[in-house]
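A.B. asks:
Residue numbers (this note's numbering), protein chains in the order written: chain A, 26 to 196; chain B, 26 to 196.
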């Protein structure tokens, strides 16, 4: 397998790779490599979900998301999940329940995001990075589901996690 | 806004862009630009969903997905959606119902995928590209939902679309 590095950034790397397909064909693919991430549906005991409204340049403005962030080197997905909830919304999570792990864009990117439901929340201090522009939005879960249906919430990882978490709570 | 092109591939381009954040900070961001895509939950009259098992090098092997593909230049999302269902699984779709439009990876990529529920399916001939390695999987919708819960289906666009479509059918 031949592999040519095109670019190495802080979060992503771009390679052009020669790939042998199972059908015998060999093709060149542009592959974005990403360290992976964790994301959490933070659910308070009063049934309120803590969402964020975050400025995302690539999405053209503010979008609704759940707290999430990239895995640091050597960090476990669970540790990353707890860290991001603390940093982005200022809560300690006592219980993390795994929902699933998703591929966000498997056509060109190896990013996987580990998704959790986080419960047993206790307030602590928020610690935003200076390049994070985040507003906290507290929303009862049924209203969250309406905001999915009316296309207000459009971030893929958040949609998957919120829908899976809601399904588990109802059963 | 300053913008430097790093790479221009068939599907994706990579730029390093100077971005003015709403908090007054100016940062450099690595941005992958993508033409966007459409994806469809193809639901037959007998209640069976037509999934695909597709070889995805970036995901390390075969993964379960719904039919999907990139927008061609000037193509509408609906036209793309119908074309991909025909090409990838060999069905004409008589009715497309919009589910939502998602951002797959808004931290570094502008890709949006338009999601639909496709019904009124009639068989036609499949037309795979030579670099597409696809197996067709027919599955009743309740079993699809089990394959989400047991983490067999892990593709983000497919998870969002299947869960939204299932929710609408139940109500």
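C-beta atoms are modelled at their ideal positions from N, C-alpha and C, and glycine is treated no differently.
1) Please report how far the alpha carbon of residue 163 (chain A) lies from the alpha carbon of residue 149 (chain A), in whole angstroms.
2) The beta strand (DSSP E) that contains residue 143 (chain A), what's its start and end?
3) So, is residue 143 (chain A) buried or exposed, given that buried needs 16 or more other C-beta atoms within 10 angstroms?
4) When the Cα of residue 7 (chain A) is compared with those of A:146, A:155, A:103 and A:189, which residue comes out closest?
5) Please classify residue 114 (chain A) as buried or exposed, where buried requires at least 16 other C-beta atoms within 10 Å of its C-beta.
6) Enumerated in chain order, which unbroken segments of the alpha helix (DSSP H) with a length of 4 residues or greater are wholly contained in the stretch 154-190 of chain B?
7) Which value, in whole angstroms, describes the spacing of the CA atoms of residue 37 (chain B) and residue 55 (chain A)?
8) Give the DSSP-derived three-state secondary structure of residue 78 (chain A) in the structure shown.
9) I want to see whether chain B comes within less than 7 Å of residue 40 (chain A), judged by CB atoms only; does it?
10) Find the residues of chain B that neighbour residue 80 (chain A), judging by a C-beta separation of less than 7 Å, and give them in chain order.
11) For residue 50 (chain A), return the contacting residues in chain B, with the cut-off set at a CB-CB distance below 9 Å.
12) Can you name the start and end residues of the alpha helix (DSSP H) that residue 100 (chain B) belongs to?
13) Nearest to residue 190 (chain B) by alpha carbon, out of A:28, A:184, A:67 and A:96?
14) Which of the three DSSP states is assigned to residue 193 (chain A) in this structure?
15) Mind listing the chain B neighbours of residue 133 (chain A)? Cutoff is C-beta to C-beta under 7 Å, in chain order.
C.D. replies: In short, the structure shows the following:
1) Each residue's alpha carbon lies about 16 Å from the other.
2) That run of the beta strand (DSSP E) goes 137-148.
3) With 16 or more other Cβ atoms inside 10 Å of its own Cβ, residue 143 (chain A) counts as buried.
4) Past the edges of chain A, shown from 26 to 196, lies residue 7 (chain A), and the structure says nothing about it.
5) With 16 or more Cβ atoms within 10 Å of its Cβ, residue 114 (chain A) is classed as buried.
6) Qualifying alpha helix (DSSP H) stretches, in chain order: 166-174.
7) About 8 Å.
8) It is a strand residue.
9) Residue 40 (chain A) is outside the set of residues whose beta carbon lies under 7 Å from a beta carbon in chain B.
10) Neighbours of residue 80 (chain A) on chain B, chain order: 46 and 47.
11) Ordered by position in chain B, the residues that pass the 9 Å Cβ test against residue 50 (chain A) are 155, 156 and 158.
12) Here residue 100 (chain B) belongs to no alpha helix (DSSP H), and DSSP marks it neither H nor E.
13) Of the listed residues, the one whose Cα sits closest to residue 190 (chain B) is A:184.
14) The answer is helix: DSSP assigns residue 193 (chain A) an H, G or I state.
15) Neighbours of residue 133 (chain A) on chain B, chain order: 36, 37 and 83.
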